[in-house]
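Worksheet: one structure, shown below.
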Amino acid sequence: MDCLKAISVKDASELNGSIVIQGSKNNVLPIMAATLLCNGITRIYNCPMIEDVRVMCELLNCLHVETKYENHVLTVDTGCSCYEPLPYELTSKLRASVLLLGPMLARWQKAEIGMPGGCAIGLRPIDIHLEGFMKMNVDVKLYRNVLTCSTYYLQGTEYTLRFPSVGATENLIMAAVGAKGRTILRGVAKEPEIVELCKYLMHMGVLMEGVGSDVLIIKGTKELSSCDYCNVYDRIVAGTYLLMAAALPSKIKLIGIENICYIKNIMNVAALLGVNMVHIDNYLSVESFGNVQGGIFKTGLYPEFPTDLQPVLMTVLAGAAKDSTLVETVFEKRFQIVTELIKLGADIDVKGRNAQIRGGCHLQGHTVKATDLRQGAALVVAGLMSSGYTTITDVSYIERGYEDIVRDLQGVGAEISYI
Ligand code: EPZ
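Under the numbering used here, the first residue of the sequence shown is numbered 506, with each subsequent residue one higher.
Below is the structure:
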């Protein structure tokens, strides 16, 4: 990753054209981890070429898993995989490295892996993951950023998550696949990524009930067979561009959206911001006059409005005609976008998890800094809304989850380039 790379973007008077929406990052990462659950070859179609996928491949390679990426197809061969410890310098590069714990315990009854990294949007503990593993008879030790987990055998259990953590749900499901007997997980997350992981595991032969609900029953299954997986489009990338369209006069097509069930929550907010949407075949036709009035919004757990789009929504509201309120209910420290929007001329006051956004501000181009993946993408949208030129530095954060945001926005007529 080139940490010195920056993006220059000019204010846009309108957006016209189309964007092909990439495959989902948060969907493909747990699926990549799940391939470890059995020997065989898995082809993952519509796999985005992003930094997090590249690092996840490196981690799988540490476990002697062969990975090959070509034309958005990732081929994973676990036939020769064997146990190794995973180094902190790799696991600390992304949050999803923690998702290798469950499959490693299921397969080898042990795991020695560095603590995960990921966006600096709060403390991001993994206590729920570890508490669930301990209920499954796993001994857990943490010393100098290295987690050492081991068990004679994983024991099926009943466990209630104190918070519906997406990652903990994914990890515990995958561990339960290798456990003796039945595991009942209550209070699980219900994000689309959980449903997709469960569907993939059932295709591998896992017996499971309650998919899509907040209680999952998983039967430990020895006989599994690898199977191919077609990744869904990235609902957060699609939502980024959908909300962007609210901020400017737009007539754009978001291509690759085969069904809208996973973005209904985002579409509802976009409609409140004045965006008209029609779903036709595999694209979403999006039009707006670009005159956002403002309103009161909050993030929540699926199917509420996703926290990952909070920075983009904050950005759009920073250019609204009237005052707005935005409440972040999932992460305790996810307002990094505010300082950078204020540099552009926004008027935002933060108290705890509440942001009061003054209406009627005209944003002016400036140099701003990306500090995490979604905040960085929001700054690119802010640049389109700010008069003159805006430079966004540290864009390597954005490349963790967006294949090529410059290419995407050039597709709708934006004057934007890497510098
Ligand atoms: C996943 O992170 C996503 N990442 C995040 O997307 C997303 O924001 C988040 O889910 C919420 O939807 C991936 O899927 C790779 P959580 P995850 O565990 O699993 C607390 C992006 O931009 N918590 O649901 O880490 C935690 O601190 C990224 O693509 C505990 O307290 O999220 C947070 O406040 C950013 N203990 C809340 O739960 C735990 O053991 C939600 O976290 C686990 C989590």
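Virtual Cβ for every residue (Gly too), placed ideally from N, Cα, C.
Remember, predicted model here, so these are calculated numbers, not experimental data.
- In the DSSP annotation of this structure, E589 is not part of any alpha helix (DSSP H), being labelled neither H nor E.
- Around E698, the same chain offers N531 and N532 as residues with beta carbons nearer than 6 angstroms, after the five sequence neighbours per side are excluded.
- For I924, the CB contacts under 6 angstroms within the same chain, skipping 5 residues up- and downstream, are A511 and S513 in chain order.
- Taking C-beta separations shorter than 7 angstroms and ignoring five residues to either side along the sequence, the partners of G916 in its chain run G522, S523 and I524, following chain order.
- In the displayed model, S922 falls within a strand according to three-state DSSP.
- DSSP places Y767 in no beta strand (DSSP E); its state is neither H nor E.
- With respect to the C-alpha of S901, the residue from E594, T662, I757 and L599 having the closest C-alpha is L599.
- The closest heavy atom of ligand 1 lies less than 6 angstroms from the beta carbon of D632.
- In this structure, the CA atom of M772 is about 16 angstroms from the CA atom of L806.
- Unbroken alpha helix (DSSP H) stretches of 4 residues or longer found wholly inside the segment 811-883: 815-823 and 842-848, given in chain order.
- Taken in chain order, the complete beta strand (DSSP E) segments of 3 residues or longer contained in the segment 571-652 are 571-575, 578-582, 615-619 and 644-648.
- Ligand 1 approaches L878 closely enough that one of its heavy atoms is under 6 angstroms from the residue's Cβ.
- Between the alpha carbons of M679 and G893 lies a gap of roughly 49 angstroms.
- Judged by DSSP secondary structure, T896 falls within the beta strand (DSSP E) whose first and last residues are Y894 to T898.
- Looking only at G627, R667 and M707, the smallest Cα-Cα distance to A681 is reached by M707.
- Inter-segment contact for the segment 779-789 and the segment 809-821 is absent: fewer than three beta-carbon pairs are separated by less than 8 angstroms.
- Partner residues in the beta bridge of V514, as assigned by DSSP, are T895 and I921.
- A heavy atom of ligand 1 is found nearer than 6 angstroms to the CB of D813.
- Residue range R687 to R691 is occupied by the beta strand (DSSP E) that includes R687.
- By the neighbour-count definition (other C-beta atoms within 10 Å, threshold 16), Y648 is an exposed residue.
- Exposed is the label assigned to C587, since fewer than 16 other Cβ atoms lie within 10 Å of its Cβ.
- Taking every protein chain shown into account, the CB of C543 has 16 or more other CB atoms within 10 angstroms, so this residue is buried.
- In this structure, T583 places its C-beta atom within 7 angstroms of the C-beta atom of T540.
- With a cutoff of 7 angstroms on beta-carbon distance, L628 and M641 are scored as not near each other.
- If you ignore the 5 residues before and after K685, its C-beta comes within less than 7 angstroms of the C-beta of Y658, L659, Q660, G661 and G725, all in its own chain and listed in chain order.
- For a cut-off of 8 angstroms, the C-beta gap from A752 to V821 is around 5 angstroms, short enough to register as a contact.
- For Y705, the uninterrupted alpha helix (DSSP H) segment begins and ends at P697 to M709.
- Contact between the segment 606-622 and the segment 855-862 is not established, with fewer than three Cβ pairs separated by less than 8 angstroms.
- CA-CA distance, I689 to L565, rounds to 28 angstroms.
- Inclusion of L610 and A601 in the CB contact set at 7 angstroms is not warranted, their separation being larger than that value.
- Distance from the C-beta of F638 to the nearest heavy atom of ligand 1 is not below 6 angstroms.
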